[in-house]
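**Q** With positions in the sequence shown counted from 1, the corresponding number in our numbering is that position plus 1230. First the structure, which I've put down as structure tokens, then a few questions once you've had a look.
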Amino acid sequence: MSYNKKFMVKPGEKIHLDKIDPAYTDQHESHEKALPKIQEHVARMDKLQYLLYADGDQSLLVVLQALDAAGKDGVIRHLFSGMNPQGTSVFGFKQPSKEEAAHDFLWRAHQRTPGKGEIVIFNRSHYEDVLVVRVHKLAKKSVWSKRYDLINDFEKMLSSNGTRILKFFLHISPEEQLERFKQRLDDPARNWKITDADYSERELWPKYIAAYEDALEQTSTQHAPWYIIPANHKWFRNLAISEIIADTLDEMGLKLPPTHVDMEAIRNKYHIAEQKQAGKGNGQLDKNSKP
């Protein structure tokens, strides 16, 4: 089955994350056996990104949301590192700056959306304003509850301007999160990732799940669908996301733009330049060969 269909949240669908297995791996048994497929999808992504950049008429926005340690950074590192950096960029949403906080909540997101021919990855996103803001009561319900419609309108506008939007919620279990926290403790190379907030935020797990369920239900649309990706197994997470992105790019009908020059005239110019270069080379050779 296509992961695009399997993991997509249908518009209006009721979501119960506790009924979705975060350890699901389909028929795949291991990373080693899934790796050829992952590599195939990543190669497709690379090829199609070249066409997207050359075509210059559409764009792609990838949104990654998750609880701590679910693997947003890992998705970016493993799936997008082979793409041309001229047409690909990543923006991480942290606590708003003073300037950002002085504007509407979508202001900073709009500035980072992809231009024609580009792919942009949001590591966290404008959805923080209906997640963190809600859980930590940084705004009243009368404020954040209106933001679902504003987000839908924002994404509809992007879509109407040629931007395809894919939104991924990386779904892990509390047990898997704790295991990844342990790995950070045990590995000195990962110690820098540890924060006090890891554990204080973990205590709010049920509230975050409720906030995510509402966001998924109210903002998954035909033009900007959410996908709930089982992410306990990093390799399966990468397999599913890479397939969905590659298939989406393929559906966009990307192709090389037409040539706007007289190719025959350009070939003639090339041959003339080639002959002149060869003549210069022979002249240099004759000069050096004189006694």
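Backbone N, C-alpha and C define an ideal beta-carbon position, used for all residues, glycine too.
Kindly list the residues whose CB is nearer than 7 Å to the CB of LEU1278, restricted to its own chain and excluding five residues on each side of it in sequence; keep chain order.
**A** Contacts found: ALA1476, LEU1479, ASP1480 and LEU1484.
**Q** Would you say the segment 1278 to 1297 touches the segment 1347 to 1364, given that touching needs at least three Cβ pairs under 8 Å?
**A** Result yes; three or more Cβ-Cβ pairs closer than 8 Å.
**Q** When the Cα atoms are used, what is the spatial distance from ASP1248 to PRO1488?
**A** Cα to Cα, ASP1248 sits roughly 50 Å from PRO1488.
**Q** Between LEU1282, TRP1435 and SER1430, which lies nearest to HIS1401 when the distance is taken from Cα to Cα?
**A** For the residues LEU1282, TRP1435 and SER1430, the minimum Cα distance to HIS1401 belongs to TRP1435.
**Q** Hey, would you say ASN1382 sits closer than 8 Å to THR1451, going by beta carbons?
**A** Yes, the pair counts as a contact, with Cβ atoms nearer than the cut-off.
**Q** Going by Cα to Cα distance, which pick from ALA1300, GLU1348, PHE1323 and GLN1341 is closest to PHE1310?
**A** Out of ALA1300, GLU1348, PHE1323 and GLN1341, GLU1348 has the C-alpha closest to the C-alpha of PHE1310.
**Q** Within 10 Å of its beta-carbon, does ARG1307 have 16 or more other beta-carbons around it, so buried, or fewer, so exposed?
**A** ARG1307 comes out exposed.
**Q** According to DSSP, ASN1322 sits in a beta bridge with which residue or residues?
**A** According to the sequence displayed, residue 1322 carries Gly and not Asn. In DSSP, GLY1322 forms a bridge with ASN1353.
**Q** Looking at the secondary structure, which residues open and close the beta strand (DSSP E) in which TRP1456 lies?
**A** Its beta strand (DSSP E) spans residues 1456 to 1460.
**Q** Just how far apart, CA to CA, sit MET1388 and ARG1394?
**A** The residue asked about is misnamed: residue 1388 is Leu in this sequence, not Met. If I take the Cα positions, the gap works out to 8 Å.
**Q** Buried or exposed: which applies to GLN1448, given that a residue is buried once 16 or more other Cβ atoms fall within 10 Å of its Cβ?
**A** Answer is buried; the Cβ neighbour count reaches 16.
**Q** Using a threshold of 8 Å, state whether the C-beta atoms of TYR1226 and ILE1474 are closer than that.
**A** Absent from the model: residue 1226. The displayed extent of the chain is 1231 to 1521, so no value can be given.
**Q** What do you reckon, are the CB atoms on SER1289 and PRO1252 nearer than 8 Å?
**A** Contact: no.
**Q** First and last residue of the beta strand (DSSP E) that includes LEU1396?
**A** Segment 1393 to 1401, the beta strand (DSSP E) holding LEU1396.
**Q** Would you identify the three-state DSSP class for VAL1491, choosing helix, strand or coil?
**A** Three-state result, VAL1491: coil.
**Q** Between which residues of its own chain and ARG1467 is the CB-CB distance below 8 Å, once the five residues before and five after are set aside?
**A** Closer than 8 Å at Cβ, skipping near neighbours: GLY1301, GLY1304, VAL1305, LEU1400, ILE1459, PRO1460 and ALA1461.
**Q** Return the CA-CA distance between GLY1312 and ARG1274, expressed in angstroms with no decimal places.
**A** One C-alpha to the other measures close to 11 Å.
**Q** Taking 8 Å as the cut-off, decide whether the C-beta atoms of GLN1407 and ARG1432 are in contact.
**A** Yes, the pair counts as a contact, with Cβ atoms nearer than the cut-off.
**Q** What is the DSSP secondary structure of MET1482, reduced to helix, strand or coil?
**A** Coil, per DSSP.
**Q** From which residue to which residue does the beta strand (DSSP E) around VAL1293 run?
**A** Start and end: 1289 to 1296.
**Q** What residues match up with MET1238 in a beta bridge as DSSP calls it?
**A** TYR1457, per the DSSP bridge assignment.
**Q** What's the C-alpha gap between PHE1237 and ALA1264?
**A** Their Cα atoms are separated by approximately 18 Å.
**Q** Going along the chain, which residues of its own chain have a beta-carbon closer than 7 Å to the beta-carbon of ILE1471, five neighbours each way excluded?
**A** The answer, listed in chain order, is VAL1305, LEU1309, PHE1398 and ILE1459.
**Q** Could you please give the first and the last residue of the uninterrupted alpha helix (DSSP H) stretch that includes SER1372?
**A** Unbroken alpha helix (DSSP H) run through SER1372: 1371 to 1374.
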